[in-house]
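Engineer: I am attaching a structure below and will ask some questions about it afterwards.
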Amino acid sequence: MNDDVVSEILLRLPAKAVLRSRAVCRTWRRITTAYSRRRPLQLLGNTDPSYYFTPFNTLTSLPATAVPRIDDGGDIAGCRRLLHRDRFCLGLEATCDGFLLFRRVQKGSMLICNPATRQLVNLPPVSPEPSSRPNDNELRALGFYFHRPSGEYRVLCHRPLLDVDATYILSTGAAEPRRLGGGPDYHRCTMVVGETIGDTVYWCRPRYLHNGKPQISSFDTVSEAFRLLPPPPVSLAKDELVAMIDMRGTPAVWTMTELHLDVWALEEEERWVRRLRVGMPPPPAPLAYWSKGSRKNAVATFESGDGGVQMVVVTWAWKLLYDDTSKDRRVVGRTIVPRHCGHFWHTNCWFRAYRESLVRVESCTPDLPPDGEPYLQFC
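Numbering-wise, the sequence shown is residues 1 to 379 according to UniProt numbering.
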């Protein structure tokens with residue numbers, strides 16, 4: 001069998017089985033550890049019903065092609081538990097190439113975790129500064145990416161309560177953090193992890209609306225330069241949503257209202273073109289009010305088999321699967337608000353895209369043992 005056939009077979013196996021198959025021969029080991037052999041896309045979420053009543057919760061993965069029906073109250077086929085963590089001590093910041101980035105709460109350090117290989121890598125901590133408040137030295141990630149020139153995984157981060165003119169680069173190939181000079185002041189207030197597309201990290205912030213337009217900024221991971229980009233030609237009200245997504249390697253922005261979802265792609269010469277408009281079904285009456293202005297609406301994109309793009313759209317009221325090739329819009333679930341919860345944002349449990357990776361991170365510091373992090377336990 002040639003490499004392509006072997007790769008297609010291995011992609012259909014669980015990660016643990018693929019790890020064992022690496023012992024068959026050198027060819028299989030090379031295939032399973034190649035960056036180009038990407039595992040199927042999954043969604044990460046918290047499905048533990050006691051999530052909001054206990055500090056420990058279970059992080060679960062689900063194939064994106066099997067979008068869940070949460071409303072039936074039963075088990076979701078295809079779900080797999082990855083790990084347990086204390087969410088008050090380890091905050092999940094971002095994912096990249098199958099690696100999870102955790103922030104140690106109220107501390108100046110971060111941790112990279114690979115659930116498939118159970119590898120734990122400490123990133124170099126930022127030296128704390130004297131402060132009377134415990135969370136002043138806490139790091140917040142702005143970007144998590146693979147640095148192509150060096151082959152390292154890096155984190156762009158800052159301390160929002162202390163540093164007003166600096167960001168830091170934490171790298172798996174360096175024993176110390178590196179401080180960047182003062183850049184444009186717009187990037188310091190993003191407070192969210194940007195969308196990495198190619199060699200660039202993008203942010204879209206609706207809170208900085210200028211004449212009804214969102215603010216788009218970027219960070220070139222090679223030149224390490226920040227830029228402001230022209231916003232898409234949309235006018236947003238305060239209760240409308242906007243965020244960045246990856247459309248087959250092209251940076252795009254989705255905006256969502258009660259009536260439709262629009263996707264604007266950034267083409268050559270920094271020109272915005274509307275790629276999609278998807279009609280949204282009206283929310284049920286009990287959720288109509290809460291469907292506006294929700295920060296927890298989410299869109300995940302992944303490539304379909306024929307080279308197109310499919311989107312998983314999660315709103316307050318619905319879960320949709322949309323194929324931009326066939327223009328098929330399928331309602332795959334209705335979001336139900338738990339009766340014991342007073343806050344509607346408790347319902348959206350699928351919140352990140354994720355691909356398993358069997359590649360090990362090469363770090364200049366020794367790995368932690370699988371049980372070396374007291375607030376994290378693999379399933």
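The beta carbon of each residue, even a glycine, is placed where N, CA and C say it ideally should be.
Expressed to the nearest angstrom, what Euclidean distance is found between the alpha-carbon atoms of R104 and M110?
Structural biologist: 6 Å
Engineer: Buried or exposed: which applies to D220, given that a residue is buried once 16 or more other Cβ atoms fall within 10 Å of its Cβ?
Structural biologist: exposed
Engineer: Looking at the unbroken beta strand (DSSP E) that takes in N135, where does it start and where does it end?
Structural biologist: Looking at the DSSP string, N135 is not in any beta strand (DSSP E), and its letter there is neither H nor E.
Engineer: Taking the C-alpha atoms as reference points, what is the distance between E224 and L259?
Structural biologist: Looking at the backbone, the Cα of E224 and that of L259 are separated by about 39 Å.
Engineer: Using DSSP's beta-bridge definition, name the partner residues of S235.
Structural biologist: Looking at the DSSP output, S235 shares a beta bridge with no other residue.
Engineer: Assuming contact is defined by CB atoms lying nearer than 9 Å, are Y153 and V299 in contact in what I supplied?
Structural biologist: no
Engineer: Can you list, in chain order, the residues of its chain with a C-beta nearer than 6 Å to that of R277? Leave out the 5 residues immediately preceding and following it.
Structural biologist: H260, D262
Engineer: Kindly indicate the opening and closing residues of the beta strand (DSSP E) around F88.
Structural biologist: Premise fails: F88 is in no beta strand (DSSP E) and is neither H nor E.
Engineer: For L358 versus T117, is the C-beta spacing smaller than 9 Å?
Structural biologist: yes
Engineer: Quick one: Cα of F378 to Cα of P231, how far?
Structural biologist: 42 Å
Engineer: Following the continuous beta strand (DSSP E) through D220, name the residue where it begins and the one where it ends.
Structural biologist: 213 to 220
Engineer: Roughly how many whole angstroms lie between the Cα atoms of R188 and W203?
Structural biologist: Confidence in R188 is poor, its pLDDT being 49 and thus under 50, which makes the residue's placement unreliable; the coordinate value appears in the next sentence. Answer to the nearest angstrom: the Cα atoms are 11 Å apart.
Engineer: Do L161 and L142 have their C-beta atoms closer together than 9 Å?
Structural biologist: no
Engineer: Would you mind giving the Cβ-Cβ distance between P177 and V126, rounded to the nearest angstrom? I have them listed as a contact below 8 Å.
Structural biologist: 5 Å
Engineer: Quick one: grab the DSSP three-state call for A17.
Structural biologist: helix
Engineer: Can you check DSSP and say which residues form a bridge with E270?
Structural biologist: Per DSSP, none; premise fails for E270.
Engineer: Just the Cα atoms here: how many angstroms apart are E270 and S235?
Structural biologist: 18 Å
Engineer: With which residues is T196 paired in a DSSP beta bridge?
Structural biologist: V201
Engineer: Could you give the C-beta distance for F144 and V193, rounded to a whole number, given that I count them as a contact under 8 Å?
Structural biologist: 6 Å
Engineer: Does the distance from the CB of L90 to the CB of Y322 come in under 9 Å?
Structural biologist: no
Engineer: Going by DSSP, what residues sit across from D246 in a beta bridge?
Structural biologist: P251
Engineer: State the DSSP-derived secondary structure class of R148, mapped to helix, strand or coil.
Structural biologist: Residue state, collapsed to three classes: coil.
Engineer: Would V201 pass as a contact of R148 if the rule is Cβ separation under 9 Å?
Structural biologist: no
Engineer: By DSSP, does T365 sit in helix, in strand, or in coil?
Structural biologist: coil
Engineer: Measuring alpha carbon to alpha carbon, tell me which residue in T27, G151, R330 is nearest P281.
Structural biologist: R330
Engineer: Can you check whether the CB of Y354 is closer than 9 Å to the CB of G198?
Structural biologist: no
Engineer: Which residue wins for smallest C-alpha separation from M247, given the options M256, R274, T257?
Structural biologist: For M247, the nearest C-alpha among the options comes from R274.
Engineer: Who are the Cβ neighbours of G279 in its own chain at under 6 Å, not counting the five residues just before and after it?
Structural biologist: H260
Engineer: Compute the Euclidean distance between the alpha carbons of residue 382 and R352, then round it to the nearest angstrom.
Structural biologist: For the chain, the structure presents residues 1 to 379; residue 382 sits outside this window and is missing.
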